[in-house]
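K.L.:
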Amino acid sequence: MQVKKTMAILGNGHTISGLVAIQTNTGYPKDKDWGFIGYARSLSISDFHMKDSYIGDGPSTVYHGVGGFAGSAYVTVTGSSFDGRVNAVSRETGGFVGSCDYRVEIKRSYNEAAVHASTAGGFVVEVYNSGKTIHITESYNKGTISTNSWSNDASGFVGHVSMSYVIIYNAYNAGDILVSNNSGSLVGTNQLGGTGPGTIYIYNTFNIGKMYGAADDNRNYKGLVGGTLGTYSELENSFVLNDSLYNDAWFYGEPVDAADFANGNLLKKLQMYGTTFTYYATVTDTVMGLVWSQNVGVDPHPVLAMAGDAIAKKARPANWKVSVQGNAIVLTGIRQGSPFAVYDLQGKIFERGVVTGATQTVELARSGIYVVRVNGNSQLVKILKSE
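Residues are numbered in the working numbering as their position in the sequence shown, beginning at 1, plus a constant of 23.
1) Figure out for me which residue from T212, N110 and D283 has the closest Cα to the Cα of T167.
2) Does the beta-carbon distance from E161 to K130 come in below 8 Å?
3) Give me the DSSP bridge partner(s) of R126.
4) Under 6 Å Cβ to Cβ from I190, same chain only, skipping five residues before and after it: list those, please.
5) Out of E374, V112, L42 and R114, which has the shortest C-alpha to C-alpha gap to F92?
6) Given that a residue counts as buried once 16 or more other Cβ atoms are within 10 Å of its Cβ, and exposed if not, what is D106?
7) Just list the residues that DSSP pairs K402 with in beta bridges.
8) For S346 and S95, I'd like the C-alpha separation in whole angstroms.
9) Could you pull out every residue in the same chain whose Cβ sits closer than 7 Å to the Cβ of L290, ignoring the five residues on either side in sequence?
10) Hey, out of K344, T251, G198 and V377, whose CA is closest to V263's CA?
11) Kindly list the residues whose CB is nearer than 7 Å to the CB of G219, restricted to its own chain and excluding five residues on each side of it in sequence; keep chain order.
12) Round the Cβ separation of N265 and P278 to the nearest angstrom and send it over; I've been treating them as touching at under 8 Å.
13) Tell me whether the beta-carbon of Y192 lies closer than 8 Å to the beta-carbon of Y226.
14) When we look at the beta-carbon of K405 and count the other beta-carbons within 10 Å, is it buried (16 or more) or exposed?
15) Jot down the residue ranges of each uninterrupted alpha helix (DSSP H) in the segment 275 to 360, minimum 4 residues, whole runs only, in chain order.
16) How would you write the range of the beta strand (DSSP E) that K74 sits in, first residue to last?
17) Helix or strand or just coil, what does DSSP make of I45?
18) Check each candidate in V397, Q402 and V353 and name the one with the smallest Cα separation from E386.
19) The beta strand (DSSP E) spanning E374 covers which residue range?
20) Going by C-alpha to C-alpha distance, which of R389, M73, A388 and E374 sits closest to R396?
21) Can you tell me whether L486 is buried or exposed? The criterion is at least 16 other CB atoms within 10 Å of its CB, across all chains shown.
22) How long is the line joining the alpha carbons of G102 and Y296, rounded to whole angstroms?
23) For S206 and S169, which I take to be in contact (beta-carbon distance under 8 Å), what is that distance rounded to the nearest angstrom?
24) Leaving out five residues on either side along the sequence, give the residues of the same chain with a beta carbon under 7 Å from the beta carbon of D239.
25) So that I know if they touch, is there some Cβ in chain C lying closer than 8 Å to that of S76?
26) Starting from D106, follow the beta strand (DSSP E) in both directions and report where the run begins and ends.
27) Less than 8 Å between C-beta atoms, sequence neighbours within five positions excluded: which residues of the same chain meet that for I372?
28) Counting along the chain, where does the beta strand (DSSP E) carrying T170 start and finish?
29) Give me the DSSP bridge partner(s) of P362.
30) With distances taken Cα to Cα, identify the nearest neighbour of I231 among G250, D280 and Q214.
31) To the nearest angstrom, how far is the alpha carbon of R126 from that of V98?
32) Taking the DSSP output, what are the residues bridged to V148?
33) Which word fits G68, buried or exposed, when buried means at least 16 other C-beta atoms lie within 10 angstroms of its C-beta?
34) What separation, rounded to the nearest whole angstrom, lies between the Cα atoms of G36 and F71?
35) Please state the DSSP three-state secondary structure of S261.
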């Protein structure tokens with residue numbers, strides 16, 4: 024549907040499964056944006072999920088953006104996900120949003136949809152012109168991103184950027200990118216010419232997905248960003264899988280061996296990072312790495328539990344509470360018989376078992392940061408000092 028007025032969707036935990044929305048020339052102009060919602064001037068999506076769904080342009084061609092949630096919008100997406108496929112024959116496609124209409128903010132969300140188009144992004148396909156901003160935090164992409172031409176742009180997060188701001192932190196891509204050039208795991212192309220590149224801020228991220236294409240092509244960008252970062256851009260504490268497919272000439276990101284993703288070494292680098300940065304000259308933002316966790320030996324890489332990652336697929340109990348009393352972690356509001364575990368940031372388990380009463384207490388011998396895991400949900404806690 025097409026929406027032109029201010030609108031809010033409060034998902035409230037609802038899931039839509041098996042939706043098929045195919046644009047045709049009948050009853051809907053093919054030169055309009057297309058998605059679950061075609062266009063919205065202001066859109067807020069919270070705790071909303073689409074599963075096993077298909078959004079596409081069918082036998083005709085959408086001229087503008089195609090997105091799983093919205094073709095084009097000024098939108099905030101929180102704690103939401105899309106799983107299925109988003110497809111366009113010859114236009115731009117994003118897993119969540121087609122083109123950025125002033126501002127897109129995505130936090131604690133994930134895309135697992137396969138996205139295919141002439142230009143494709145796991146979350147947003149395109150942001151262009153000054154004054155437009157994409158802000159993605161505590162989120163990840165696991166969908167396969169591909170284009171119908173080996174010369175077009177593709178990325179796990181944002182397909183194409185020019186003359187605008189893109190801010191990404193505490194996020195990762197694990198989806199494969201199928202394209203020859205103009206590709207980066209987080210940003211496909213930061214435009215090299217024409218209107219000029221955008222300003223990109225990337226902090227505390229990683230890519231573990233594969234990128235496939237012509238490895239001998241010097242345009243075959245294999246880092247976090249395709250093209251140039253731009254004069255004022257920043258990229259810090261961000262990592263890429265050390266893989267022979269990457270082109271060292273455009274290697275934005277620090278190479279990390281596969282073993283370091285699984286053994287907790289990368290986790291330490293992510294959790295210990297923190298910074299404050301300024302954009303639009305006066306707007307400040309802070310990055311803290313404590314949102315990352317990992318069950319070493321089980322999780323193949325660091326995860327973002329608040330984004331619904333593998334470590335937190337089950338619904339969190341409504342009244343679950345974790346508190347600290349001296350050297351003890353106290354769990355309350357958890358159903359008896361629920362499994363729990365407490366482990367440190369290196370994956371060493373200090374106690375595990377099942378909840379036996381209304382309150383479960385775990386005594387710890389020393390100060391530090393610990394991960395509490397209950398029914399597949401995780402939360403970080405800090406013991407300040409030993410007594």
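The beta-carbon is built from N, C-alpha and C at its ideal position, and this holds for glycine as well.
Keep in mind it's a predicted model, so treat the numbers as computed, not measured.
P.N.:
Quick answer:
1) For this step, residue 167 is matched to residue 144 along the sequence shown. Considering only alpha carbons, the answer is N110.
2) To locate residue 161, count along the sequence shown from 1; it is residue 138. To locate residue 130, count along the sequence shown from 1; it is residue 107. Yes, the Cβ-Cβ distance between E161 and K130 is below 8 Å.
3) Walking along the sequence shown from the start, residue 126 turns up at place 103. DSSP lists T156 as partners of R126.
4) The count along the sequence shown starts at 1 and reaches residue 190 at position 167. Taken in chain order, the residues that qualify are H158 and Y224.
5) Translated into the one-based positions of the sequence shown, residue 92 becomes position 69. That would be L42, whose Cα lies nearest to the Cα of F92.
6) Position 83 of the sequence shown, counted from the first residue, corresponds to residue 106. Buried, since its Cβ has 16 or more Cβ neighbours within 10 Å.
7) Position 379 of the sequence shown holds residue 402. With the sequence shown as reference, residue 402 is identified as Gln, and Lys is not the correct amino acid for it. Q402 is bridged to V395.
8) Your numbering for residue 346 matches position 323 in the sequence shown. Your numbering for residue 95 matches position 72 in the sequence shown. Whole-angstrom Cα-Cα distance: 42 Å.
9) Here the question's residue 290 lines up with position 267 in the sequence shown. Cβ neighbours of L290 beyond the five flanking positions: W315, Q317, P325 and L368.
10) Residue 263 sits at position 240 when you count from the first residue of the sequence shown. Looking at the Cα atoms, G198 is the closest of the given residues.
11) Here residue 219 is taken as the residue at index 196 of the sequence shown, counted from 1. Here the set comprises S185 and M186.
12) Within the sequence shown, numbered from 1, the residue matching residue 265 stands at position 242. Within the sequence shown, numbered from 1, the residue matching residue 278 stands at position 255. Right, their Cβ atoms sit about 4 Å apart.
13) Taking the sequence shown and counting its residues from 1, one reaches residue 192 at position 169. Taking the sequence shown and counting its residues from 1, one reaches residue 226 at position 203. Contact flag set, yes.
14) Within the sequence shown, numbered from 1, the residue matching residue 405 stands at position 382. By the neighbour-count rule (16 or more Cβ atoms within 10 Å), K405 is not buried but exposed.
15) 281 to 285 and 288 to 294
16) In the sequence shown, counting from the first residue as 1, residue 74 sits at position 51. Counting along the chain, the beta strand (DSSP E) containing K74 begins and ends at H72 to G79.
17) In the sequence shown, residue 45 corresponds to position 22, counting from 1. In the structure shown, I45 sits in a strand (DSSP, three-state: E or B).
18) By one-based count along the sequence shown, residue 386 stands at place 363. That would be V353, whose Cα lies nearest to the Cα of E386.
19) Numbered from 1 along the sequence shown, position 351 holds the residue referred to as residue 374. It spans I372 to V377 - the beta strand (DSSP E) in which E374 sits, taken as one unbroken run.
20) Stepping through the sequence shown from its first residue, residue 396 is reached at position 373. R396 has its Cα closest to that of E374, out of R389, M73, A388 and E374.
21) Nothing can be reported for residue 486: it is not among the residues displayed for the chain, which extend from 24 to 410.
22) Walking along the sequence shown from the start, residue 102 turns up at place 79. Walking along the sequence shown from the start, residue 296 turns up at place 273. Approximately 23 Å, taken between the alpha carbons.
23) Position 183 of the sequence shown, counted from the start, is the residue given in the question as residue 206. Position 146 of the sequence shown, counted from the start, is the residue given in the question as residue 169. So it is not a contact: roughly 10 Å between Cβ atoms.
24) Your numbering for residue 239 matches position 216 in the sequence shown. With a pLDDT of only 45 at D239, under the threshold of 50, the placement of this residue in the model should not be trusted; the figure read from the coordinates follows. Nothing meets the Cβ criterion.
25) Looking for chain C here will not work: only one protein chain is present.
26) What you label residue 106 is simply residue 83 of the sequence shown in a count that begins at 1. Element bounds for D106: S104 to N110.
27) On the sequence shown, residue 372 is found 349 positions in, with the first residue counted as 1. Closer than 8 Å at Cβ, skipping near neighbours: A364, V365 and Y366.
28) Against the sequence shown, residue 170 aligns to sequence position 147. First-last of the beta strand (DSSP E) with T170: I168 to T170.
29) Numbered from 1 along the sequence shown, position 339 holds the residue referred to as residue 362. V377.
30) Against the sequence shown, residue 231 aligns to sequence position 208. Out of G250, D280 and Q214, D280 has the C-alpha closest to the C-alpha of I231.
31) Here the question's residue 126 lines up with position 103 in the sequence shown. Here the question's residue 98 lines up with position 75 in the sequence shown. R126 and V98: Cα-Cα distance of roughly 7 Å.
32) Looking up residue 148 in the sequence shown gives position 125. Beta-bridge pairing links V148 to no other residue.
33) Mapped onto the sequence shown, residue 68 falls at position 45. According to the sequence as given, residue 68 is Ile; it is not Gly. Result: buried.
34) To locate residue 36, count along the sequence shown from 1; it is residue 13. To locate residue 71, count along the sequence shown from 1; it is residue 48. About 6 Å.
35) What you label residue 261 is simply residue 238 of the sequence shown in a count that begins at 1. Looking at S261 - three-state DSSP - the assignment turns out to be coil, as it is neither helix nor strand.
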